[in-house]
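In the working numbering, the protein residues as written are 90 to 373.
All C-beta atoms in this analysis are idealised placements derived from N, C-alpha and C, irrespective of residue type, glycine included.
Note sheet for the following structure.
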Amino acid sequence: MGIERTVADSKGKGFGELPNETNTKTKSKKSRRRQKKMPPPPPPPPTVQKLFNTCKEVFASGRPGHIPPPQDIEKLKSVLDAMKPEDVGVNPEMPFFRSSQGRRLQRITYLHIFECEKFSMGIFCLPPSGVIPLHNHPEMTVFSKLLFGTMHIKSYDWVTDLPADIPTSIKPSSETAFQPEVRLARVKADADFTAPCNPSILYPADGGNMHCFTAVNACAVLDVLGPPYSDPDGRHCQYYHDYPFSKFSVEGSSIPEEERKGYAWLQEREKPEDLEVIGRMYSP
90 MGIERTVADS KGKGFGELPN ETNTKTKSKK SRRRQKKMPP PPPPPPTVQK
140 LFNTCKEVFA SGRPGHIPPP QDIEKLKSVL DAMKPEDVGV NPEMPFFRSS
190 QGRRLQRITY LHIFECEKFS MGIFCLPPSG VIPLHNHPEM TVFSKLLFGT
240 MHIKSYDWVT DLPADIPTSI KPSSETAFQP EVRLARVKAD ADFTAPCNPS
290 ILYPADGGNM HCFTAVNACA VLDVLGPPYS DPDGRHCQYY HDYPFSKFSV
340 EGSSIPEEER KGYAWLQERE KPEDLEVIGR MYSP
């Protein structure tokens with residue numbers, strides 16, 4: 090999954106990093122005695138630490154658009170495949186998974202585990218009927234592990250391999266306002282998934298790079314993005330409307346009628362105003 094970073098100033102923070110060194114020579118012995126000793130933060134669970142260490146290896150290059158080699162993909166996939174809700178300390182009884190009364194879109198919580206320039210780790214907590222709208226993952230390889238619950242996933246990839254007689258982008262006509270063009274996409278997935286199930290993997294141009302998640306019941310999804318979103322680097326999170334193929338007429342299209350359900354038109358949109366994602370720091 091993975092939408093834009095929701096914890097302010099979180100880049101480079103999280104477990105797995107040493108605290109900044111301080112110059113203790115400039116402090117007097119008296120002031121050091123007065124300082125209250127703070128207990129060290131609790132160590133991350135062993136499975137989370139293993140995930141972190143594996144991500145450091147798999148995303149060592151950290152280049153946008155870079156796809157890790159197959160053996161690294163399998164290594165990270167196997168770590169995620171073995172992870173269970175108790176390994177990260179989440180369960181459906183936690184307050185994050187309670188429905189918000191009177192809201193059309195349910196409030197979603199993102200538990201930030203770690204983020205650096207090369208990868209990010211976090212957990213999305215969706216109450217029943219919670220929706221993460223259709224969005225993209227530019228130049229990213231993304232691993233998503235459904236920890237518990239049932240979730241409907243609909244995902245798309247841009248179409249780039251059709252004959253020249255089939256247009257893959259259309260500018261809708263509108264007399265009232267400018268409308269962004271619609272682009273043709275191929276449906277990658279459109280089904281319910283129930284934990285435990287295999288981790289999903291999407292790539293920069295394949296695997297369902299644009300997807301929408303709808304929680305059938307309370308769901309938790311462990312997300313790994315490499316690299317993460319970055320506005321300064323042009324990796325923005327873009328949202329889309331999706332329309333059936335029949336919504337726009339395409340003259341001379343050679344796509345057979347029975348195959349057209351496997352295509353849709355996507356149109357970029359603003360971030361939904363009623364989408365609310367609350368960011369919290371992960372605490373083991």
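Rounded to the nearest angstrom, the gap between the Cα atoms of E346 and A309 is 38 Å. N142 counts as exposed, since fewer than 16 other C-beta atoms from the protein chains shown sit within 10 angstroms of its C-beta. Between the alpha carbons of D295 and D246 lies a distance of about 6 Å.
For the pair of segments examined, the region 219-234 was found to touch the region 324-333: the number of CB pairs separated by less than 8 Å reaches three. For V313, no alpha helix (DSSP H) run applies; the uninterrupted beta strand (DSSP E) run containing it begins and ends at 308-315, by DSSP. In the DSSP annotation of this structure, S150 is not part of any beta strand (DSSP E), being labelled neither H nor E. The C-beta of M370 has fewer than 16 other C-beta atoms within 10 Å across all chains shown, which makes the residue exposed.
Listed in chain order, the non-local C-beta contacts of D161 below 8 Å within the same chain comprise E146, V147, local neighbours out to five positions each way being set aside. For the pair M299 and G315, the Cα-to-Cα distance works out to about 15 Å.
Here DSSP, grouped into helix, strand and coil, assigns F334 to helix.
Secondary structure of Q356 (DSSP, three-state): strand.
Here I156 has T230, Y292 as same chain residues with Cβ atoms under 6 Å from its own Cβ, once five neighbours each way along the sequence are excluded. Per DSSP, the beta-bridge partners of T230 are G315. The continuous alpha helix (DSSP H) containing S167 extends over residues 159-170. P216 is a Cβ neighbour of F186, given a cutoff of 7 Å. Judged by DSSP secondary structure, D279 falls within the beta strand (DSSP E) whose first and last residues are 271-283. Here the C-alpha atom of C205 lies approximately 15 Å from the C-alpha atom of Q138. Beyond the five residues adjoining it in sequence on each side, P285 comes within less than 6 Å, by CB distance, of no other residue in the same chain. Rounded to the nearest angstrom, the Cβ distance from I221 to F282 is 14 Å, too far for a contact under 8 Å. Between L165 and V305, the alpha-carbon positions lie close to 27 Å from each other. With respect to A307, P174 sits apart: the two C-beta atoms are not nearer than 7 Å. Cβ neighbours of D279 within its own chain (closer than 6 Å, five residues either side excluded): K243. Residue burial annotation: D312 is buried, with at least 16 other C-beta atoms found within 10 angstroms of its C-beta. Listed in chain order, the non-local C-beta contacts of S233 below 6 Å within the same chain comprise M90, S289, V310, D312, local neighbours out to five positions each way being set aside. Contact between Y332 and V248 does not hold, since the beta-carbon distance rounds to 14 Å and is not under 8 Å. In summary, P133 is buried, with 16 or more beta-carbon neighbours lying within 10 Å of its beta-carbon over all protein chains present.
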